[in-house]
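Only one structure is covered here, and it is reproduced in the block below.
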Amino acid sequence: MGYPQASLAKIGEGAQIAKSALLYHFTNKDEIVAAVVESVFTASATVIIPAVSAATTARDQLAAYISANGG
Numbered sequence: 150m151g152y153p154q155a156s157l158a159k160i161g162e163g164a165q166i167a168k169s170a171l172l173y174h175f176t177n178k179d180e181i182v183a184a185v186v187e188s189v190f191t192a193s194a195t196v197i198i199p200a201v202s203a204a205t206t207a208r209d210q211l212a213a214y215i216s217a218n219g220g
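All you need for our numbering is the position in the sequence shown, starting with 1, plus 149.
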């Protein structure tokens, strides 16, 4: 299913929550996507930034970045 086909009802079904529960927190699927993207980037930053900052060489920083991204 792509973004155009995703509806609040289908998103709720996939998350196993009622559409009304989604509508309590979000007015549309764009807000849901924005919240997910923000959450993922924030979570990634809390892992990636400290890992890269702790490395002392460019090679080690690149390795830390790749490792922190699950590579």
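Every residue gets a Cβ at the ideal spot worked out from N, C-alpha and C, and that includes glycine.
Suppose contacts are defined by Cβ-Cβ distances below 7 Å. Is residue i in contact with residue j by that definition?
i	j	result
V196	Q210	no
A204	A213	yes
A158	K168	yes
A194	K178	no
Residue i: buried (16+ other C-beta within 10 angstroms of its C-beta) or exposed?
i	result
L171	buried
Between the Cα of residue i and the Cα atoms of the options, which residue gives the shortest distance?
i	options	result
V189	P199, K168, R208, N218	N218
V164	I181, G151, P153, R208	Residue identity differs from the one stated: residue 164 is Ala in this sequence, not Val. It is I181 whose Cα lies nearest to the Cα of A164.
Which residues bound the alpha helix (DSSP H) around residue i?
i	result
Q210	207–217
I197	178–203
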